[in-house]
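Novice: Residue numbers (our numbering): 849 to 1401. The beta carbon of each residue, even a glycine, is placed where N, CA and C say it ideally should be.
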């Protein structure tokens, strides 16, 4: 792996420093402004219902810039092309146009005469009017021809007013052996016409440079904005297929369903548990990623592609939206069985982890009562600041997963800002609605040809393995903290780092209470649980970023 590939892992930072200075300053400035808008919305200085989502969106969209895939970049570049520049590009496809300091346009090439004629027409301030105040003089292979008083009348008669100026009009324009045409613009609007063509020429040059960047995979862009410039016709045609097609297209085609569920999870999270014990929470959460990391090379060794292996490995985080988002991006052809396995195995976190705890942690250690600790009060403002900072930093590091980070932290921000209208909407409408359609569509898509794929059997085995290894990794992390703390921390807390919120935290507390009803580990377990959600999103971002690089090696 080359150094450039390492830079591509953190594309948000790479694109920041690879941008022109004004773009870099603009991105940083807008990230800061987004944070200010969130603060002012929370304070009530500005309308919170508008400012908080707007501010967080500004943070995510300016931090989460990456190098777009070539096909997407080409589509975006074409979609952003102005109509007059597109027409200019069409005219000058087979010729070269140069603009001189004395206000002349020189067109060379086998179709120079036809191109010059069309350029003169394109330059007119008002194409509907013949009297437009632009006079054009043509020099064809050194011989001068003038249009007369107004370019309008002469241009309407082709080629280049030939039937009025004594030129030979019999041969089609494209076949006439003229290699060099010089245009001079005079009249009241002559200078304006020349500048208009010069501006369109600059647009052509920029377009070709952008297309070169797009084709080489060096075009910076944003995954949350790119779909807005796609042509909608094909999409609308597809919607006529079945009643569920629009929901599938809009929700699954761009990972929206995963983002809606993740936004609902964000509304339910109280990040105060994490902020009260950040080191313990993050350490356990990282330990619980053992399954998502180890299962990847195992799956690859069994014949799965890089994208399939990464999507399967993420089953170990016990977080359905992560698996759905990754599989839709990395292994879309297998996202149905992978996601079904992931959601089916969420039940194992509740039904199977208690047995794992009893197997790996003796009853004596399960009953450890944590020492008395001071109550750490985390204000809503501090939680909101954490959401803004976390969203910005993570989008900057892993822009490929920026939609996930924005969704999660927007949910947290809405909760902590006290936006009850949005909270109710996200929790009762978005979360439950998305969950309902997710289950419905996964069920509809579970056709025989998909589920009976021989790889599905291996998916079942690897899914269990990933969840098992994540649980083992978490308990090992709990043991490390138990030793480091002088045997004061209950190692059962480790299992709660698996990010099935709040299931694993409840499982941990339940198993401890069976041995010692006076031992309360739920606050610490919830902190680790919430951290597990964030670390799982980070691992997802790493996989979504790294896999395309690995596939090219």
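For the beta strand (DSSP E) containing residue 988, name the first residue and the last one.
Specialist: Where residue 988 is concerned, the enclosing beta strand (DSSP E) stretches over 983 to 988.
Novice: I'd like the list of long-range same chain contacts for residue 1275, defined as Cβ closer than 8 Å, with 5 residues on each side in sequence excluded.
Specialist: These residues qualify, in order along the chain: 1112, 1115 and 1116.
Novice: Would residue 895 be called buried (16 or more neighbouring beta carbons within 10 Å of its own) or exposed?
Specialist: So residue 895 ends up on the exposed side.
Novice: Using the C-alpha atoms, what's the distance from residue 1366 back to residue 1179?
Specialist: Rounded to whole angstroms, residue 1179 to residue 1366 spans 47 Å at the Cα level.
Novice: What residues match up with residue 956 in a beta bridge as DSSP calls it?
Specialist: DSSP, once it has assigned bridges, lists 944 and 1028 as partnering residue 956.
Novice: With 16 as the cutoff for other CB atoms within 10 Å, does residue 1302 come out buried or exposed?
Specialist: Per the 10 Å Cβ criterion, exposed.
Novice: Span of the alpha helix (DSSP H) holding residue 1361?
Specialist: First-last of the alpha helix (DSSP H) with residue 1361: 1351 to 1363.
Novice: With a 10 Å radius around its C-beta and 16 neighbouring C-beta atoms as the bar for buried, classify residue 1280 as buried or exposed.
Specialist: Residue 1280 should be labelled exposed.
Novice: With 7 Å set as the bound, which would you pick, yes or no: does the beta-carbon of residue 1034 sit closer than that to a beta-carbon of chain D?
Specialist: Note that chain D does not occur in the displayed structure, where there is just one protein chain.
Novice: Can you tell me whether residue 1068 is helix, strand or coil according to DSSP?
Specialist: Correct three-state label for residue 1068: strand.
Novice: Taking the straight line between their C-alpha atoms, what separation do you get for residue 1164 and residue 1388?
Specialist: Taking the straight line joining both Cα atoms gives about 11 Å.
Novice: What are the partner residues of residue 1034, as DSSP defines its beta bridges?
Specialist: Answer is 983.
Novice: Can you give me the C-alpha to C-alpha distance between residue 867 and residue 1069, rounded to a whole angstrom?
Specialist: Those two C-alpha atoms are separated by around 11 Å.
Novice: What would DSSP say about residue 915, mapped onto helix, strand or coil?
Specialist: Strand at residue 915.
Novice: Thinking C-beta only, is residue 1318 closer than 7 Å to residue 1155?
Specialist: No, these two residues do not count as a Cβ contact at 7 Å.
Novice: For residue 1089, which residues from the same chain have a beta carbon less than 6 Å from its beta carbon, with the 5 sequence-adjacent residues on both sides left out?
Specialist: Caution applies to residue 1089, whose pLDDT of 44 falls short of 50 and renders its modelled position unreliable; the value that the coordinates give is listed next. Excluding positions up to five away in sequence, the list is empty.
Novice: For residue 1219 versus residue 1148, is the C-beta distance shorter than 7 Å?
Specialist: No, these two residues do not count as a Cβ contact at 7 Å.
Novice: Which of the three DSSP states is assigned to residue 1388 in this structure?
Specialist: DSSP places residue 1388 in helix when its eight states are reduced to three.
Novice: Nearest to residue 923 by alpha carbon, out of 1315, 1170 and 1063?
Specialist: Among 1315, 1170 and 1063, the Cα nearest to that of residue 923 belongs to 1063.
Novice: Between the region 1217 to 1234 and the region 1256 to 1271, can you find at least three pairs of beta-carbon atoms closer than 8 Å?
Specialist: Flag = yes, the region 1256 to 1271 and the region 1217 to 1234 touch.
Novice: Under the assumption that residue 1255 contacts residue 1110 (Cβ atoms under 8 Å), give the Cβ distance between them as a whole number of angstroms.
Specialist: Going by Cβ atoms, the distance from residue 1255 to residue 1110 rounds to 4 Å, so yes, they are a contact pair.
Novice: Given that a residue counts as buried once 16 or more other Cβ atoms are within 10 Å of its Cβ, and exposed if not, what is residue 1176?
Specialist: Residue 1176 is buried by the Cβ-count criterion.
Novice: Please state whether DSSP places residue 1366 in a helix, a strand or coil.
Specialist: In this structure, residue 1366 counts as coil in the three-state DSSP scheme.
Novice: Counting only runs that start and end within the region 1136 to 1198, where is the alpha helix (DSSP H) found for 4 or more residues in a row?
Specialist: Complete alpha helix (DSSP H) runs here, min 4: 1138 to 1149, 1154 to 1161 and 1168 to 1178.
Novice: Taking the alpha-carbon positions, what's the residue 1290 to residue 1100 distance?
Specialist: Those two C-alpha atoms are separated by around 10 Å.
Novice: Following the continuous alpha helix (DSSP H) through residue 1324, name the residue where it begins and the one where it ends.
Specialist: Its alpha helix (DSSP H) spans residues 1302 to 1332.
Novice: Leaving out five residues on either side along the sequence, give the residues of the same chain with a beta carbon under 7 Å from the beta carbon of residue 1224.
Specialist: The residues are 1124.
Novice: Take residue 1183 and list the residues in its own chain whose beta-carbon comes closer than 6 Å to its own, dropping the five residues that flank it on each side.
Specialist: Here the set comprises 1175 and 1176.
Novice: In whole angstroms, what is the alpha-carbon distance linking residue 1144 and residue 1157?
Specialist: Approximately 5 Å between the Cα atoms of the pair.
Novice: Count the other CB atoms within 10 Å of the CB of residue 977; is the residue buried (16 or more) or exposed (fewer)?
Specialist: With a pLDDT of 41 at residue 977, under the threshold of 50, the modelled position of this residue cannot be trusted, and the question is left open.
Novice: Just to confirm, are residue 1376 and residue 1216 a CB contact at a threshold of 7 Å?
Specialist: Going by C-beta atoms, residue 1376 is not nearer than 7 Å to residue 1216.
Novice: With a Cβ-Cβ cutoff of 7 Å, do residue 915 and residue 1065 count as a contact?
Specialist: In contact: residue 915 and residue 1065 (Cβ atoms closer than 7 Å).
Novice: Nearest to residue 1351 by alpha carbon, out of 1199, 944 and 1053?
Specialist: Checked all of 1199, 944 and 1053; the closest Cα to residue 1351 is 1199.
Novice: Considering just the uninterrupted stretch of the alpha helix (DSSP H) at residue 1264, what are its terminal residues?
Specialist: From DSSP, the alpha helix (DSSP H) with residue 1264 extends over 1250 to 1264.
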